[in-house]
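Working notes, beginning with the structure itself.
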Amino acid sequence: MSESESTRLMEPGVEPQGLRPGLRRRHLTMIAIGGAIGAGLFVGSGSVIKTAGPAAILSYAGAGLVVLCVLRALGEMVVARPVAGSMGEYARMAMGPFAGFTVGWLYWYLYVILVGAEAVAGAAILGSWIDLDQWVLSAGLLVVMTSVNLVSVKSFGEFEFWFASIKVVAIVLFLAIGLAWVFGLWPGSEPGFANLTEHGGFAPNGIGGVCSAIVVVMFAFGGTEIVTVAAAESEEPGKVVARATNNVLWRVGLFYVASIFLVVAILPWNDAKVLKSPFVSALEHIGIPAAGTIMQVVILTAVLSVLNSAIYVSSRMLYVLTRDGDAPASLVKINKRGVPARAVLLGTVAAWGAVIASYVSPDKVFTFLVNSIGVVLAFIYVAIMFSQLRLRARLRREDPSALTYRMWGYPYISWAVVVAIFAVFVAMACNPDQRNQLIASTISLLAVMAIYPLRAKLGRKEPVREVEVLHH
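Residue numbers for the sequence shown follow full-length UniProt numbering, so the first one is 1 and each next one is one higher.
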């Protein structure tokens, strides 16, 4: 990328047509919080506890710190230069069109596969209540949530606001009940924190167990970055992202770390029921009636929330890829409600591939697809940090007044985050249980990089550069 082009890319502009601001502050705040609270917390935390023991608390705290630093770095760029497309656009500004193409398509692929996987997960839950084939239920969920996203961005925001609110209320109630139990304020409770140190100690599997668990936990925090994509459709994206990022830092940390602390305080970490469903097991131990059904409803809400967000994010990323000349021009079309309808529909159709694979080849094709996105988000995190390092230096020279929201400890913490993520890659390569996920995700990365030469044939001939920066 030439210096003149990179300078032009950093200049503020206005989008005369296209995506419309329809999201309010409350939407953005709950999108940021809800994006990180998925079924991985309510169900997947069991495997983390099994790996690290009570020291899973440290695993969540450490992984959360890394991800929150990434979010802070991304927030710095969004506040300085709010753009539609966020991750891919900043990679393009900092490292050129190849980086923008790779990050953008990787992010699209990640969320398209996630749409299919969440539709399958939601159908599995509904299948215990509704006597229909799971493929029918998966189709129903896709139709409903796609329709929500086709109505308007405000429709997406309202659904996500209430989905996220249900998840937050569920966690707050769990925290209140759990605290009452461990402090002896709940009828029949067993006060104390003995379970934190008994049954092999606080870290029964040593520091290795804590580090191995961090690998799993870091990806559970994925989704907080969605707020930077959605910010492009708010009135004041820079201010909204700064506010939402500051709020999500402590709220997500509190929800994850505090809830895991209570789970391992209430139950022995090596209890077989903890691995299967830690929150249900803790509530049943306390004596909450119908705990299993209650948590199934909460988990279904979490699945629908992720499904809703994934459809939204995949469509906006495809819209930006088209606008930048990285995808066919026809997909950039916006309907009268300000929704990139063709991009929404194409993402849903592509997600059907994952749904079909889950029934035709669940052990091979579907497993590969799910594994192939396991580390993709970490690749994107690395790109975010490199983008922030380069753009921060450029902004300091060209427009220091734009740096009103800054990454902490630049450049040292930024580099420390990169090193930490590469340490995760090394840990995964050394762990036979996680190696396949790293390999499959690397194949996804190489595949996207390999199709870059097709950009000239299939992409939009004239990138629409003037619509890059929104509502600064």
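Note that beta-carbon positions come from the ideal geometry of N, C-alpha and C, so glycine has one too. Nothing here was measured: the structure is a model prediction, and the numbers come from that model.
Proximity to residue 28 [Cα-Cα], best of 173, 117, 131, 309 | 309
CB-CB length for residue 63 against residue 214, believed under 8 Å = 5 Å
So residue 137 is in the alpha helix (DSSP H); what residue range does that whole segment cover?
-> 134-151
With C-beta atoms as the reference, is residue 211 less than 8 Å away from residue 427?
-> yes
By Cβ distance, which residues of its chain are closer than 6 Å to residue 227, with the 5 residues on each side in sequence left out?
-> 28, 31, 32, 244
Taking 8 Å as the cut-off, decide whether the C-beta atoms of residue 241 and residue 70 are in contact.
-> no
Keeping to the same chain, check which residues put their C-beta closer than 8 Å to that of residue 257; ignore five residues upstream and five downstream.
-> 57, 60, 61, 64
Do residue 298 and residue 125 come within 8 Å of each other at the CB atom, strictly closer than that value?
-> no
Just how far apart, CA to CA, sit residue 378 and residue 421?
-> 7 Å
Can you give the beta carbon distance from residue 147 to residue 22, rounded, assuming they're within the 8 Å contact cut?
-> Actually they do not touch by this definition, with Cβ atoms about 17 Å apart.
Does DSSP put residue 529 in a helix, a strand or coil?
-> For residue 529 there is no data in the structure shown, the boundaries of the chain being 1 and 472.
Which class does residue 375 belong to by DSSP, given the choice of helix, strand or coil?
-> coil
Where residue 23 falls: helix, strand or coil (DSSP) | strand
In angstroms, rounded to a whole number, what distance separates the CA positions of residue 326 and residue 91?
-> 14 Å
Using a Cβ-Cβ cut-off of 8 Å (strictly less than) and excluding sequence neighbours within five positions of residue 19, which residues of its own chain qualify?
-> 84, 153, 232, 233, 316, 319, 334, 338, 340, 470
Are the Cβ atoms of residue 279 and residue 37 separated by less than 8 Å?
-> no
Cβ neighbours of residue 100 in the same chain (closer than 7 Å, five flanking residues each side left out) = 88, 89, 91, 92, 324
Cα separation between residue 407 and residue 275?
-> 37 Å
Could you tell me which of 431, 401, 373 sits nearest to residue 76, measuring between CA atoms?
-> 401
Inter-residue CB distance, residue 304 and residue 163 (contact presumed, cutoff 8 Å) = 6 Å
Kindly give me the distance between the Cβ atoms of residue 200 and residue 53, rounded to whole angstroms, as I take these residues to be in contact under 8 Å.
-> 6 Å
Going straight from the alpha carbon of residue 386 to that of residue 94, what length do you get?
-> 8 Å
For residue 83, does the three-state DSSP call read helix, strand or coil?
-> strand
Work out the CA separation of residue 368 and residue 116 for me, nearest whole Å.
-> 13 Å
Would you call residue 221 buried or exposed, if buried means 16 or more other Cβ atoms sit within 10 Å of its Cβ?
-> buried
Roughly how many angstroms lie between the CA atoms of residue 328 and residue 98, to the nearest whole one?
-> 17 Å
CA-CA distance, residue 203 and residue 264?
-> 12 Å
Does DSSP classify residue 339 as helix, strand or coil?
-> coil
Should residue 14 go down as buried or exposed, given a rule of 16 or more other Cβ atoms within 10 Å for buried?
-> Residue confidence is low: residue 14 scores 39 on pLDDT, short of 50, so the model does not pin down where it sits. Its coordinate-derived value is still stated next. The residue is exposed, with fewer than 16 neighbouring Cβ atoms inside 10 Å.
Between residue 439 and residue 181, what straight-line distance do the alpha-carbon atoms span, to the nearest angstrom?
-> 44 Å
Out of curiosity, what's the CA-to-CA distance linking residue 473 and residue 261?
-> Past the boundaries of the shown model lies residue 473; the chain is included only from 1 to 472, so the question cannot be answered.
From 207, 235, 389, residue whose alpha carbon lies closest to that of residue 409 = 389
Around the Cβ of residue 206, are there at least 16 other Cβ atoms within 10 angstroms (buried) or fewer (exposed)?
-> exposed
Spatial distance of residue 47 from residue 273 (CA atoms) = 11 Å
Looking only at C-alpha atoms, which of 123, 435, 145, 403 sits nearest to residue 349?
-> 145
Taking the C-alpha atoms as reference points, what is the distance between residue 431 and residue 271?
-> 24 Å
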